[in-house]
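What follows is a single structure, written as structure tokens, with notes after it.
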Amino acid sequence: MAILYWLDLFGISVFAITGALVAREKQLDLFGVVVIGLVTAVGGGTLRDMMLGNTPVFWVRDPNYVVVAVLAALCTVVVVRYYELPQTALLVADAFGLALFTLLATEKVWQQGLSPLIAVMMGVISSVAGGIVRDLLSDRIPLILRSELYATASLAGATVFVLLAPINISLAAPLTLLTTLLLRLGAIRWHWTLPIFAMREKSS
Amino acid sequence: MAILYWLDLFGISVFAITGALVAREKQLDLFGVVVIGLVTAVGGGTLRDMMLGNTPVFWVRDPNYVVVAVLAALCTVVVVRYYELPQTALLVADAFGLALFTLLATEKVWQQGLSPLIAVMMGVISSVAGGIVRDLLSDRIPLILRSELYATASLAGATVFVLLAPINISLAAPLTLLTTLLLRLGAIRWHWTLPIFAMREKSS
Amino acid sequence: MAILYWLDLFGISVFAITGALVAREKQLDLFGVVVIGLVTAVGGGTLRDMMLGNTPVFWVRDPNYVVVAVLAALCTVVVVRYYELPQTALLVADAFGLALFTLLATEKVWQQGLSPLIAVMMGVISSVAGGIVRDLLSDRIPLILRSELYATASLAGATVFVLLAPINISLAAPLTLLTTLLLRLGAIRWHWTLPIFAMREKSS
Numbered sequence: 003m004a005i006l007y008w009l010d011l012f013g014i015s016v017f018a019i020t021g022a023l024v025a026r027e028k029q030l031d032l033f034g035v036v037v038i039g040l041v042t043a044v045g046g047g048t049l050r051d052m053m054l055g056n057t058p059v060f061w062v063r064d065p066n067y068v069v070v071a072v073l074a075a076l077c078t079v080v081v082v083r084y085y086e087l088p089q090t091a092l093l094v095a096d097a098f099g100l101a102l103f104t105l106l107a108t109e110k111v112w113q114q115g116l117s118p119l120i121a122v123m124m125g126v127i128s129s130v131a132g133g134i135v136r137d138l139l140s141d142r143i144p145l146i147l148r149s150e151l152y153a154t155a156s157l158a159g160a161t162v163f164v165l166l167a168p169i170n171i172s173l174a175a176p177l178t179l180l181t182t183l184l185l186r187l188g189a190i191r192w193h194w195t196l197p198i199f200a201m202r203e204k205s206s
Numbered sequence: 003m004a005i006l007y008w009l010d011l012f013g014i015s016v017f018a019i020t021g022a023l024v025a026r027e028k029q030l031d032l033f034g035v036v037v038i039g040l041v042t043a044v045g046g047g048t049l050r051d052m053m054l055g056n057t058p059v060f061w062v063r064d065p066n067y068v069v070v071a072v073l074a075a076l077c078t079v080v081v082v083r084y085y086e087l088p089q090t091a092l093l094v095a096d097a098f099g100l101a102l103f104t105l106l107a108t109e110k111v112w113q114q115g116l117s118p119l120i121a122v123m124m125g126v127i128s129s130v131a132g133g134i135v136r137d138l139l140s141d142r143i144p145l146i147l148r149s150e151l152y153a154t155a156s157l158a159g160a161t162v163f164v165l166l167a168p169i170n171i172s173l174a175a176p177l178t179l180l181t182t183l184l185l186r187l188g189a190i191r192w193h194w195t196l197p198i199f200a201m202r203e204k205s206s
Numbered sequence: 003m004a005i006l007y008w009l010d011l012f013g014i015s016v017f018a019i020t021g022a023l024v025a026r027e028k029q030l031d032l033f034g035v036v037v038i039g040l041v042t043a044v045g046g047g048t049l050r051d052m053m054l055g056n057t058p059v060f061w062v063r064d065p066n067y068v069v070v071a072v073l074a075a076l077c078t079v080v081v082v083r084y085y086e087l088p089q090t091a092l093l094v095a096d097a098f099g100l101a102l103f104t105l106l107a108t109e110k111v112w113q114q115g116l117s118p119l120i121a122v123m124m125g126v127i128s129s130v131a132g133g134i135v136r137d138l139l140s141d142r143i144p145l146i147l148r149s150e151l152y153a154t155a156s157l158a159g160a161t162v163f164v165l166l167a168p169i170n171i172s173l174a175a176p177l178t179l180l181t182t183l184l185l186r187l188g189a190i191r192w193h194w195t196l197p198i199f200a201m202r203e204k205s206s
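Protein chains in written order, with our numbering: chain P, 3 to 206; chain D, 3 to 206; chain H, 3 to 206.
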């Protein structure tokens, strides 16, 4: 559907913006900002496509994804010179991106007839791996591995999809989006976290 | 052979456990522990399959690998709450995992008719790349690149395989296992290392 | 052409040498030096081939690339024991490697009939990704993302290629080399940089 394509491009832009903002913190140059923005936006889907053998990867087949990500990163550079983006708006947009990528990737892999477990894993990988590579390139421990629910929200959404899709596909899509979105927004608002796997010595 | 499949799953479990234990040191949450365990267990084979074009990668074709790795990581979380795993048992188990992965990957690539050099490289990559990605995600310099013989033990084992396999395949398999295992266990016991490539200024 | 193949191997050697020298700074052992040299030399092309689905990747199809990279890294270890390589000679050789890889990769992808944008991206990725992975494995923030023009020189060269190639292919190749080389050498000599994407608070 055309609507899904536009939502996908929206998710790409949001992730490119978050990447550009991380690059700003690290004081990278213009090229670095574009690279980090691009990697954040397309990294997860690229890894998924390489693992599944869906090659050339999606943005080689449709360079619009690259164009949109680069433009979003460049616009970010210009805009934040004059106007500080409100932190909340960004986190909410990022939550939408997460929910969209989770739905789109899980659905795509599930349509290929792969097992539900693999569809869930690919949904999570597509939506979080870009952020992990962004953090690696920026030399910080991947936030995703120890912050509020993030990947877990994607995991929950993808699980909802593979459970509901065989029963009612038109219900599965919106509920996947809702599950991921609400879990992530709730986590931002109330600082939900998973239990830390502490060392025995430290917890006693 | 069925026995090889079970050995492979055993290697997967061992690496997932070592990954989970590294994640514990870094105080990651439950999800982070599972991710690091999974990446350590299947990362090397995933990279190998992507490089060879054996896609979808092995765990997409047989999700049992994912199930076993996730269960092993989760069990680790539960068990270490009550019982500290003895360091030695772990290192020995990890040495077995290293030897198994080296044998299984070298043999698989060699059977595909690729050159001995490539078979050796793929054997080493399959058995050590997971640990490298684990260390990158945990933000520490990959231990493999500067500890006791580890990748070198795998390299020696894989070399034994490609030298012996054309002559006597049924001898090549056990000797590959033995070479890797003994070199690694000896390195743990007597702290064998390769010469450090020091700077001239410092060595003079 | 045979000449292109030899130039390609020359680029591989140069990058393997720079990788080995970074590994020396980090005091890695012999195996670590060879791994870092190899990754620097073939990492970019490997990622490109995996993304495009040109698998098995180039060095699996032609192991000469591996042999040359390993030999170059080992020779570096031996040579620098007795003789300190002049920093300038190395930077100039690296600039040649960058220009060669940019030309060879952009041309190869363009010949496959992919869009100019993708050809440029693959040209840049092939020539810089190896260095990024080298820096990640050595636990330093990728230099490429915040030093003098480096990836930007590759980007400019690749862009020259896709603009000129449809008009005059025999002119496109040397001008691509020249553009990348002169930009990079100029950047080394006069410390050309791109503007830093500073935070608004800091720039005011």
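Idealized CB from N, CA, C, for every residue including glycine.
(1) So for Asp137 (chain P), helix, strand or coil by DSSP?
(2) Taking a cut of 7 Å between CB atoms, which residues from the stretch 32 to 63 of chain H lie near chain P?
(3) Roughly how many angstroms separate the alpha carbons of Val80 (chain H) and Ile19 (chain D), rounded to a whole number?
(4) Taking the alpha helix (DSSP H) that Gln113 (chain H) falls in, what are its first and last residues?
(5) List, in order along the chain, the chain P residues whose C-beta lies closer than 7 Å to that of Pro88 (chain D)?
(6) Out of P:Trp194, P:Leu187 and P:Ala121, which has the shortest C-alpha to C-alpha gap to Thr90 (chain P)?
(7) Rounded to a whole number of angstroms, what is the C-alpha to C-alpha distance between Pro65 (chain P) and Ile120 (chain H)?
(8) Taking only three categories from DSSP, how would you classify Gly170 (chain P)?
(9) For a test of the three-state rule: what should DSSP assign to Tyr7 (chain D), helix, strand or coil?
(10) Are any of the Cβ atoms in chain P nearer than 8 Å to that of Leu139 (chain D)?
(11) Helix, strand or coil: how does DSSP classify Val59 (chain P) here?
(12) Do we get a CB-CB distance below 8 Å when we pair Ser172 (chain P) with the residues of chain D?
(13) Is the beta carbon of Val16 (chain D) closer than 8 Å to that of Asp96 (chain D)?
(14) Can you confirm whether Val68 (chain H), when its beta carbon is compared against all beta carbons of chain D, has any partner nearer than 8 Å?
(15) Could you tell me whether the Cβ of Ile190 (chain P) comes closer than 8 Å to any Cβ of chain D?
(16) Which residue wins for smallest C-alpha separation from Met124 (chain D), given the options D:Ile38, D:Ala4 and D:Met52?
(17) Do Leu6 (chain H) and Leu106 (chain H) count as a contact pair if the criterion is CB distance below 8 Å?
(18) Drop a sphere of 10 angstroms on the beta-carbon of Arg26 (chain P), count the other beta-carbons inside from all chains shown, and report buried for 16 or more, exposed for fewer.
(19) Determine the direct distance from the alpha carbon of Gln113 (chain P) to that of Ile171 (chain P), and round the result to whole angstroms.
(20) Going straight from the alpha carbon of Leu49 (chain H) to that of Gly55 (chain P), what length do you get?
(21) Sorted by chain position, which residues of the same chain lie with C-beta nearer than 6 Å to Leu102 (chain P)'s C-beta, five sequence neighbours on each side aside?
(22) For Leu116 (chain P), report the span of its alpha helix (DSSP H) as first-last.
(23) With a CB to CB cut of under 7 Å and the five nearest residues on each side skipped, what residues in its chain are close to Ile127 (chain H)?
(24) State yes or no: is the beta carbon of Pro176 (chain D) nearer than 8 Å to at least one beta carbon in chain P?
(25) Going straight from the alpha carbon of Val59 (chain H) to that of Ala174 (chain H), what length do you get?
(26) With 16 other CB atoms within 10 Å as the buried threshold, where does Gly133 (chain P) fall?
(27) Do we get a CB-CB distance below 8 Å when we pair Pro144 (chain H) with the residues of chain D?
(28) Could you tell me the boundaries of the alpha helix (DSSP H) in which Tyr67 (chain P) lies?
(29) Compute the Euclidean distance between the alpha carbons of Ala71 (chain P) and Leu116 (chain H), then round it to the nearest angstrom.
(30) Going by DSSP in three states, Leu151 (chain D) sits in which element: helix, strand or coil?
In short:
(1) As a first step, residue 137 (chain P) is located in the first sequence; it is residue number 135 there, counting from the start. Three-state result, Asp137 (chain P): helix.
(2) Met52, Met53, Leu54 and Gly55
(3) To locate residue 80 (chain H), count along the third sequence from 1; it is residue 78. To locate residue 19 (chain D), count along the second sequence from 1; it is residue 17. So the two alpha carbons sit approximately 39 Å from each other.
(4) As a first step, residue 113 (chain H) is located in the third sequence; it is residue number 111 there, counting from the start. Gln89 to Gln113 is the span of the alpha helix (DSSP H), which, as asked, contains Gln113 (chain H).
(5) Translated into the one-based positions of the second sequence, residue 88 (chain D) becomes position 86. Going along chain P, no residue has its Cβ under 7 Å from Pro88 (chain D), so there is no contact; the nearest lies around 14 Å.
(6) Stepping through the first sequence from its first residue, residue 90 (chain P) is reached at position 88. Selected option, being the one with the closest Cα: P:Leu187.
(7) On the first sequence, position 63 is the one that residue 65 (chain P) refers to. On the third sequence, position 118 is the one that residue 120 (chain H) refers to. Answer to the nearest angstrom: the Cα atoms are 7 Å apart.
(8) What you label residue 170 (chain P) is simply residue 168 of the first sequence in a count that begins at 1. According to the sequence provided, residue 170 (chain P) is Asn. The question's Gly does not apply to it. It is coil, neither helix nor strand.
(9) Mapped onto the second sequence, residue 7 (chain D) falls at position 5. Of the three classes helix, strand and coil, the one that applies to Tyr7 (chain D) here is helix, per DSSP.
(10) Counting from one through the second sequence, the residue named residue 139 (chain D) turns up at place 137. For Leu139 (chain D), the answer is yes, since a Cβ of chain P falls inside 8 Å of its Cβ.
(11) Your numbering for residue 59 (chain P) matches position 57 in the first sequence. Coil, per DSSP.
(12) Counted from its first residue, the first sequence places residue 172 (chain P) at position 170. No, Ser172 (chain P) lies away from the interface with chain D (no Cβ there is under 8 Å from its Cβ).
(13) Here residue 96 (chain D) corresponds to residue number 94 of the second sequence, with the count starting at 1. Here residue 16 (chain D) corresponds to residue number 14 of the second sequence, with the count starting at 1. In this structure, Val16 (chain D) lies closer than 8 Å to Asp96 (chain D) by Cβ.
(14) The residue you call residue 68 (chain H) lines up with position 66 of the third sequence. Judged by the 8 Å Cβ criterion, Val68 (chain H) is in contact with chain D.
(15) Counting from 1 along the first sequence, the entry for residue 190 (chain P) is found at position 188. Chain D contact via Cβ: absent.
(16) Within the second sequence, the letter at position 122 stands for residue 124 (chain D). Ranking D:Ile38, D:Ala4 and D:Met52 by Cα distance to Met124 (chain D) puts D:Met52 first.
(17) In the third sequence, the residue the question calls residue 106 (chain H) occupies position 104. In the third sequence, the residue the question calls residue 6 (chain H) occupies position 4. Yes, Cβ-Cβ distance for Leu106 (chain H) and Leu6 (chain H) is below 8 Å.
(18) Position 24 of the first sequence, counting from 1, holds the residue named residue 26 (chain P). Classification of Arg26 (chain P): buried, given that the 10 Å Cβ count is 16 or more.
(19) By one-based count along the first sequence, residue 171 (chain P) stands at place 169. By one-based count along the first sequence, residue 113 (chain P) stands at place 111. Rounded to the nearest angstrom, the two C-alpha atoms are 11 Å apart.
(20) For the purposes of this step, residue 49 (chain H) is identified with residue 47 of the third sequence, where counting begins at 1. For the purposes of this step, residue 55 (chain P) is identified with residue 53 of the first sequence, where counting begins at 1. Cα-Cα distance, rounded: 14 Å.
(21) If you number the first sequence from 1, residue 102 (chain P) lands on position 100. Correct list, in chain order: Leu9 and Gly13.
(22) As a working mapping, residue 116 (chain P) is identified with position 114 in the first sequence. Premise fails: Leu116 (chain P) is in no alpha helix (DSSP H) and is neither H nor E.
(23) On the third sequence, residue 127 (chain H) is found 125 positions in, with the first residue counted as 1. Gly46, Leu49 and Arg50.
(24) The sequence position of residue 176 (chain D) within the second sequence is 174, counting from 1. False, the Cβ-Cβ gap to chain P never drops below 8 Å.
(25) Numbered from its first residue, the third sequence carries residue 59 (chain H) at position 57. Numbered from its first residue, the third sequence carries residue 174 (chain H) at position 172. Approximately 26 Å between the Cα atoms of the pair.
(26) Taking the first residue of the first sequence as position 1, residue 133 (chain P) is located at position 131. Buried, because 16 or more other Cβ atoms sit within 10 Å of the Cβ of Gly133 (chain P).
(27) Walking along the third sequence from the start, residue 144 (chain H) turns up at place 142. Not an interface residue.
(28) For this step, residue 67 (chain P) is matched to residue 65 along the first sequence. Run containing Tyr67 (chain P): Asn66 to Tyr84, per the alpha helix (DSSP H) assignment.
(29) Here residue 71 (chain P) corresponds to residue number 69 of the first sequence, with the count starting at 1. Here residue 116 (chain H) corresponds to residue number 114 of the third sequence, with the count starting at 1. Roughly 19 Å separates the two Cα atoms.
(30) Within the second sequence, the letter at position 149 stands for residue 151 (chain D). Here Leu151 (chain D) sits in coil by DSSP.
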